[in-house]
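Asks: Just so you know, we're using the working numbering here: the sequence shown kicks off at -19 and counts up by one.
Handing you this structure, nothing more for now.
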Amino acid sequence: MIAQLIVLSAVAYVGYQAAKIVVKSLGLGSDPDPGEEQKIPGANDMVQDPVCGLFISPADAVTIIHKGTYISFCSRECLNKFLQNQG
Ligand SMILES: [Zn+2]
């Protein structure tokens, strides 16, 4: 009974070590990709107002769905200008 437990834990340990080696060799570790460092923080989250060209964060933007596309504006004024230009 005790011998079985020892064998089981040994198998589990070896399996754990093997899994760690596999993860390392596949490059699945947490090393950051150096190619990702050129991003400006938060820039990808900004949306551009097509009327005045301002970049706004989506949280502050006035967003509409126009012809199936999301369009974000810095303010309702720009939204109104945009809608007037459509007509
Ligand atoms: Zn605007």
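Positions of the beta carbon are idealized from the N, C-alpha and C atoms, including for glycine.
#1: Please write down, chain order preserved, every residue whose beta carbon lies under 6 angstroms from a heavy atom of ligand 1.
#2: Whole-angstrom Cβ separation of P38 and D25, contact assumed at under 8 angstroms?
#3: Going by DSSP in three states, S(-11) sits in which element: helix, strand or coil?
#4: Using the Cβ count rule (16 or more neighbours within 10 Å means buried), how would you classify L(-15)?
#5: Could you name the residues of the same chain whose beta carbon sits closer than 6 angstroms to that of R56, not counting the 5 residues immediately before and after it, in chain order?
#6: Once you ignore the five residues that flank I52 on each side, which residues in its own chain have a CB closer than 6 angstroms to its CB?
#7: For the alpha helix (DSSP H) holding K61, just list the boundary residues, first then last.
#8: Exposed or buried, what is I45 when buried is set at 16 or more other beta-carbons lying within 10 Å of its beta-carbon?
#9: Let me know the secondary structure DSSP gives S52 once reduced to three states.
Replies: Reading it off the structure:
#1: D29, V31, C32, L34, F53, C54, S55, C58
#2: 7 angstroms
#3: helix
#4: exposed
#5: V42
#6: First, the residue type needs correcting, since residue 52 is Ser and not Ile in the sequence shown. These residues qualify, in order along the chain: V27, A41, T43.
#7: 56 to 66
#8: exposed
#9: strand
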